[in-house]
Structures are given as structure tokens and as C-alpha cells.
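Here the sequence shown stands for residues 847 to 1036, numbered as in this note's numbering. Backbone N, C-alpha and C fix where the C-beta goes; we use that ideal spot for every residue, glycine too. First up is the structure itself, then whatever we jot down about it.
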Amino acid sequence: MKTRLLASPWAKPQLTRETAEAVELLKDDVWKEASVLFAAERDAKLRSGQSAPKGMQRYLNDVITKRFTSNGWIGEAGYFFKGKTWVRVTFRHQMSLGADILDAIKVCKKEGMEQAVILAANRKTLDLITPNDAAAIVSFEKLEREIMSLNGALDIPLLFGELTPLSSASSDINEELKKARPRDISVPQN
């Protein structure tokens, strides 16, 4: 995924080597690999008459976790650190945004991290990742607004970033991602 990094308005931290590495790890066909995994499982479930996955957050998280941990990062579930750098890649509900910022404060103040980074997909990308829930997920736009509102309240070395697809899967998978994936409808049984 393409990562556009911004510095929080209260600090202009130098990019750590680990942050640069994290950006590179996210570039390397993460979107393509997650798209292929999502489409394959979705197709298999639909063919067998089972409920198919609607969102691809799980597949993105799996690919990202594998990339980070196989390159010496410690972490899981979107939280990673290496050396004195902490990175949060979020595809979670917007209610978690405050917790992510609080975690960044804690790792900087209590654990001595020299750089904290929070990354989120923009709304257009969230519409592809999870069309039913995109409005309720932490988007880059929400993250940016919240961080800007904290100017004057924080002093941690915080970067934040926007994630967008960089690679692409085959054209048929890309078309599948663009199709509507409506919620399952529960029909009460008599």
C-alpha cells in the first residue's frame, strides 16, 4: 500500500530508519496479496453456500502482520515496534481512535519510543476494504482531524499517515472488490 506520512503539527520528528522500513514493508504488494486471499475465500464460501466475508480487513491484517514479524518487528493485531519506533496500522472501528492515540502517548512517555506512527486508509480505500462499514472505521480523514485538534495538548513525536492501494490484483479480483457486498439479511424463522 502507498503510505503518505505527515508530521503532527506540534513536532517535526526525523523519520527513523524503522519508520522508513515500515513504509517499505507496506508497499510490497500488500494490497494485491490481501485482495487475492479475500477473493479466494469469498469465492469458495459463496460456491459452498456459506456466508462469505464482506470486508477484507482480516486479510490485510494477516498480510501486514506476516510482513512485519518476518522482518524483525514485534507485535500483532496492527501494533508493531522495532528499536525505538512504534507503528499502529488500523482498520478498526472509529471508537478505537482515541485508544490508538493514547497508546502512542504511553509508548512514547513510558516505553521511551522515539517515534510513534498511526496509519489509516482513506475513505475511498475503506469503501473497497469494507463497503458496509466504511463510515464506521477509522479513516485517514478522521485520524487527521483528531490529531490536528490535539495541537497544543501533546508533545510526542507522532507521525500519521494515509494508506491507499499501490499494487493491484488481477482485473477480475479488482472488479470483484468494486462490486456491492451487501450485508447478509437475517429472516426470522417461525
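Buried/exposed call for residue i, threshold 16 Cβ in 10 Å
| i | result |
| --- | --- |
| residue 971 | buried |
| residue 958 | exposed |
| residue 858 | exposed |
| residue 991 | exposed |
| residue 847 | buried |
| residue 961 | buried |
| residue 936 | buried |
| residue 886 | exposed |
| residue 1001 | exposed |
| residue 976 | buried |
| residue 998 | exposed |
| residue 903 | buried |
Boundaries of the alpha helix (DSSP H) in which residue i is found, first to last residue
| i | result |
| --- | --- |
| residue 896 | Segment: none, residue 896 is in no alpha helix (DSSP H) and carries neither H nor E. |
| residue 911 | 903 to 915 |
| residue 848 | Taken as a continuous stretch (DSSP letters only), residue 848 belongs to no alpha helix (DSSP H), being part of the beta strand (DSSP E) at 848 to 853. |
| residue 969 | 969 to 975 |
Span separating the alpha-carbon of residue i from that of residue j
| i | j | result |
| --- | --- | --- |
| residue 897 | residue 927 | 35 Å |
| residue 984 | residue 944 | 10 Å |
| residue 1040 | residue 899 | This structure cannot settle anything about residue 1040, because the visible part of the chain is limited to 847 through 1036. |
| residue 986 | residue 993 | 10 Å |
| residue 854 | residue 931 | 16 Å |
| residue 788 | residue 910 | In the structure displayed, the chain extends from 847 to 1036; residue 788 sits before or after that span and is not available. |
| residue 953 | residue 852 | 19 Å |
| residue 1032 | residue 948 | At residue 1032 the pLDDT is 45, less than 50, meaning the model places this residue with poor confidence and gives no usable figure here. |
| residue 1035 | residue 895 | Bear in mind that a pLDDT of 49 at residue 1035, under 50, signals an unreliable position, so the number given afterwards is only what the model happens to contain. Taking the straight line joining both Cα atoms gives about 19 Å. |
For residue i, the first and last residue of its enclosing beta strand (DSSP E)
| i | result |
| --- | --- |
| residue 945 | Looking at the DSSP string, residue 945 is not in any beta strand (DSSP E); the run it does join, the alpha helix (DSSP H), is 943 to 955. |
| residue 923 | Taken as a continuous stretch (DSSP letters only), residue 923 belongs to no beta strand (DSSP E), as it is neither H nor E. |
| residue 935 | 931 to 936 |
Rounded Cβ spacing between residue i and residue j (contact assumed at less than 8 Å)
| i | j | result |
| --- | --- | --- |
| residue 1005 | residue 865 | 7 Å |
| residue 1008 | residue 850 | 4 Å |
| residue 1083 | residue 906 | Limits of the chain in this structure are 847 at one end and 1036 at the other, which puts residue 1083 out of reach. |
CB contact below 7 Å: residue i versus chain B
| i | result |
| --- | --- |
| residue 941 | No chain B appears in the structure shown, which is made up of a single protein chain. |
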